[in-house]
Structures are given as structure tokens and as C-alpha cells.
Amino acid sequence: MSILPSPTSPRFHYRLATVQDWGDIATVTQQAYSQYELEIMEDCRASFQRGMQAVLATSHPDMEWWVAETEHGIIGAVLFCHPGATLPALDGSTITLTQPEARLLSVSPEARGLGLGHTLMQICIQRARDIGAPTLLVRTMPEMASANRLCQQMGFAKRTEAGARTGAMARLIDYSYAITPENAPAPAKA
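Heads up: the sequence shown at position 73 corresponds to 73 in full-length UniProt numbering, and the numbers run straight through without jumps.
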């Protein structure tokens, strides 16, 4: 059993990932999302896996991987996508984003509950603020209880319920975070 530092420990570092980190990012993302393989309905499971693998294999200047690490390596990651990024959708099509999105938030199972996901999402909020975006979008599924809870605790507003679309996309829940100027108070938590 590994002993991890508290999330405020100087032993946690958050940084922009490099190409050399992609293998570790893929590993932590697969570990984090493996719990959903049995929970996600059969009609969506294959497209979810294909979409995740396609995003992990994509390199584009409009996408930034941010990582959380300790002296033992990467234990969390999130993908910040700029408006204009083109990504695979669950239905097999591609979409070009019109607003920034945080995707594939992943925390190693042994590091959960330490606030790493919260800090990685704060990085995405700050990146959206840095580029002057009015909102940040996050997409989850009903099975992703911890991600849904995190979005609600951080002040994201539910924009689309599961079932609002058809096909593989029907499982998605959209959350939107209104970006406030740096000196304005953050939105109230639900």
C-alpha cells in the first residue's frame, strides 16, 4: 500500500504534460476509467472506449494535458481543450469545439479523495479564464457519480441531462461553469 501526501503537500506537483508523459497519462486514465467498463450500458461501452483511446492518441496544439504527480510519477491527469479543437464523439463522428472543455479527468484509484481532481479542474477553469472564455464545459455520464458530484460541488451548472440526445450520445450529461473575472467571487456551491 502506498502512502500518498496530502493534496496540499509540496510533494504534489501540477504541470503541463510533455510528449514523454503520454504513456503514463494513458495508464492513469485507463486505470481511472476501468471501473466504468461494467457500469456503462453495452450500447455505449465500445464507443466510449474507442473515443477515449482516440483522444489519448491525439496530439493537437489546441489540447493541453495537465498532470498531477508525486516523486513516484503521474497520479492524475485532465485534458483541457481549446475552442477550435476537433475531437472524436461517442457516435463516431468528429466535433469541433466552440467553447473550452475539460475532458478525461483521471485520478489513480489509490489517490482518490485527496483533492487532486478538484485541483486539476481548477487548472482547467483558470486556463479557460486565461483565454478569455465565458464558460468551461464538462461532459459526464450517469455512472460517473464522483465526477457528477465534483462538478456540482465546484459550482458547475447542469446544462443537459442524460437522454437529451439520441444514440451513444444519449448517455452524456453536460455541465457548464461560468467563468468570472479573477477578482470576482466564485459561483456559490450547490
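Beta carbons: idealized from backbone N, C-alpha and C, even for Gly.
Identity of the residues DSSP links to residue i by a beta bridge
i, result
"Pro88", "Thr94"
"residue 193", "With the chain covering 1 to 190 only, the question about residue 193 has no answer from this structure."
"Ser176", "Leu137, Ala157"
"Leu120", "Leu120 is not bridged to any residue."
"His13", "Glu69"
"Gly76", "Ala68, Val107"
"Ala102", "Phe80, Val138"
Given residue i as reference, the closest of the options once Cα atoms are compared
i, options, result
"Pro61", "Ala178, Ala17, Tyr33", "Ala17"
"Pro134", "Val28, Ile179, Val107", "Ile179"
"Val28", "Arg149, Ile123, Leu104", "Leu104"
"Gln99", "Gln31, Gly132, Ile123", "Gly132"
"Asp91", "Ser176, Arg171, Gln30", "Arg171"
"Ser146", "Gly23, Gln20, Ala26, Gly115", "Gly115"
"Asp21", "Glu64, Thr160, Cys151", "Glu64"
"Ala128", "Gly23, Thr86, Gln31, His82", "His82"
"Ala32", "Gln153, Met154, Phe156, Gly113", "Gly113"
Cα-Cα separation between residue i and residue j, rounded to whole angstroms
i, j, result
"Leu136", "Gly84", "14 Å"
"Thr96", "Arg11", "37 Å"
"Ile173", "Pro109", "23 Å"
"Trp66", "His72", "17 Å"
"Met41", "Ser106", "Because the pLDDT of Met41 is 48, which lies under 50, any placement of that residue in the model is unreliable, and the number read from its coordinates should be weighed accordingly. In a straight line, the C-alpha of Met41 is about 20 Å away from that of Ser106."
"Ala34", "Glu143", "Reading off the sequence, residue 34 comes out as Ser, not Ala. Roughly 12 Å between the two C-alpha positions."
"Asp130", "Pro181", "10 Å"
"Ala26", "Gln126", "24 Å"
"Val138", "Asp24", "23 Å"
Whether residue i touches residue j by CB criterion (9 Å)
i, j, result
"Tyr14", "Glu69", "yes"
"Thr140", "Tyr175", "yes"
"Phe80", "Cys124", "yes"
Any chain D beta carbon closer than 9 Å to residue i
i, result
"Gly115", "The structure shown has no chain D; it contains just one protein chain."
Is there contact between the stretch 72 to 81 and the stretch 113 to 131, where contact requires at least three CB pairs shorter than 8 Å? yes
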